[in-house]
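Residue numbers (our numbering): 3 to 422. Here a beta-carbon is modelled for each residue, glycine too, at the ideal position from N, C-alpha and C. Just below is one structure, and these are the notes that go with it.
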Ligand code: NAD
């Protein structure tokens, strides 16, 4: 297998192309990104020195609308990774029928090593470097791993200064006070929750009889853990970059979240009334978490977590990919052989971009929706896309992943055949 993430991502396209006939024009356009920009960002550090960070922004395709995709701050960011994430965004937006193409950005940095002011200078520097590449009708960044609404607030402010006008719709995932949408912060997890419920109910898998392990306890992972806990599922294991915890009886997720927020680490705490005890829990590694004997496994951290090395040890019956690209294409085949039901990233985590779309619409119209309206629209979009993907997968007798790609490809193909 090639070590390139993009080469691996392209395998999914090749698999879907066996079932769908698309024009030569569309096939050619899908092979490479429309445009890529790599930039150097000099940042004045608090101690007076200057460090230069490498950043990227890729618009994979904008046939169906402006580029759309998050910005990641992580030490392992490369152009190959950003391009792959932009490629997935293109399919995700098509699957949800959002009027966007696919894009993504990233900066190679460990944000945990930067002070708040250094992080702000880096975020403003990144936007300044890519300002001509993005725009309300061109390409719209949003949060991803280790970026959040504060970072988006700095970015929209910087862009508006550069353009000498208020441009709220150029970035989504902003603080509400800066034109953000109700429900955007929890949208990825809420969207995933609708997909999980819809699929599990098709298999008559009841919440009270379902054990769940979640890798990653950030924006997406901690929120989905909370929603599943509230709905009566038994979340028995969670992990973050430092390791994980497991309790056969299920973890008290509100307490784990509180502990994580206060101590920046996770611990198995159990709260009854006002008394918090340390619940009997096992400390486990991330590798252990992936191979636990649970009903549902939710990777919600980074790419390439389930590979051909460990796929054979996975015991879960269902995997819902909240992270982008957590399973490699060769691991897909092993999981399929083991009859593990995998629901793909481009469907499961599409709630984030769906509410980003609503934020963009609100910014453009100047009319702001209630949380209730946003959540109603999100639920409808996620359930519709899940049902459509399920139907395509049934029709072609393929996995949910290939079904999702077939459905997206049909939409992309139709759009790409215009304007040539
Ligand atoms: P985040 O930065 O808020 O959280 C990432 C979490 O992963 C942290 O808890 C971190 O400790 C953990 N982590 C990092 N390395 C790990 C490792 N090796 N093992 C276990 N845990 C590890 O990021 P996020 O926004 O929650 O994004 C997580 C995933 O979800 C990414 O793949 C991202 O692309 C995807 N996603 C996020 C959104 C969104 O709106 N936030 C939308 C769509 C997809």
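Residues near residue i in its chain [Cβ-Cβ closer than 6 Å; skip 5 each side]
i: residue 327; result: 305
i: residue 373; result: 184, 185
i: residue 286; result: 246, 248
i: residue 84; result: 58, 60, 106, 108
i: residue 6; result: 82
i: residue 394; result: 405, 408, 409
i: residue 8; result: 82, 85, 86
i: residue 369; result: none
Residue i (DSSP reduced to helix, strand or coil)
i: residue 333; result: helix
i: residue 375; result: helix
i: residue 402; result: helix
i: residue 394; result: helix
i: residue 193; result: helix
i: residue 236; result: strand
i: residue 20; result: coil
i: residue 316; result: coil
i: residue 164; result: helix
i: residue 81; result: helix
i: residue 203; result: helix
i: residue 147; result: coil
i: residue 344; result: strand
Residues sharing a beta bridge with residue i, DSSP
i: residue 42; result: 56
i: residue 74; result: 108
i: residue 299; result: 215, 321
i: residue 423; result: Nothing can be reported for residue 423: it is not among the residues displayed for the chain, which extend from 3 to 422.
i: residue 284; result: 248
i: residue 63; result: 104
i: residue 327; result: Bridge partners of residue 327: none, in fact.
i: residue 127; result: None, per the DSSP bridge assignment.
i: residue 141; result: 69, 137
Contacting residues, own chain, Cβ-Cβ under 7 Å from residue i (five flanking each side not counted)
i: residue 130; result: 160, 164
i: residue 390; result: 409
i: residue 302; result: 216, 217, 218, 222, 223, 226, 324, 325
i: residue 113; result: 75, 121, 148
i: residue 362; result: 142, 171, 174
i: residue 417; result: 65, 66
i: residue 237; result: 214, 216, 227, 230, 231, 252, 253, 255
Cβ pair residue i, residue j closer than 9 Å
i: residue 323; j: residue 345; result: yes
i: residue 268; j: residue 231; result: no
i: residue 18; j: residue 404; result: yes
i: residue 109; j: residue 53; result: no
i: residue 105; j: residue 60; result: yes
i: residue 380; j: residue 193; result: yes
i: residue 122; j: residue 156; result: yes
i: residue 98; j: residue 387; result: yes
i: residue 36; j: residue 355; result: no
i: residue 146; j: residue 414; result: no
i: residue 88; j: residue 411; result: no
i: residue 2; j: residue 195; result: Residue 2 cannot be examined here, being either before or after the span of the chain that is shown, 3 to 422.
i: residue 191; j: residue 353; result: yes
i: residue 233; j: residue 199; result: yes
Chain-order list of residues whose beta-carbon lies under 8 Å from that of residue i (same chain, five-residue window excluded)
i: residue 21; result: 398, 400, 404, 408
i: residue 308; result: 292, 301, 316, 321, 328, 329, 330, 333, 337
i: residue 40; result: 56, 57, 58, 81
i: residue 77; result: 110, 111, 112
- Going along the chain, which residues put their C-beta within less than 6 Å of some heavy atom in the ligand NAD? 145, 146, 147, 148, 190, 217, 218, 219, 220, 221, 222, 223, 241, 242, 243, 288, 302, 303, 304, 324, 325, 326, 351, 354
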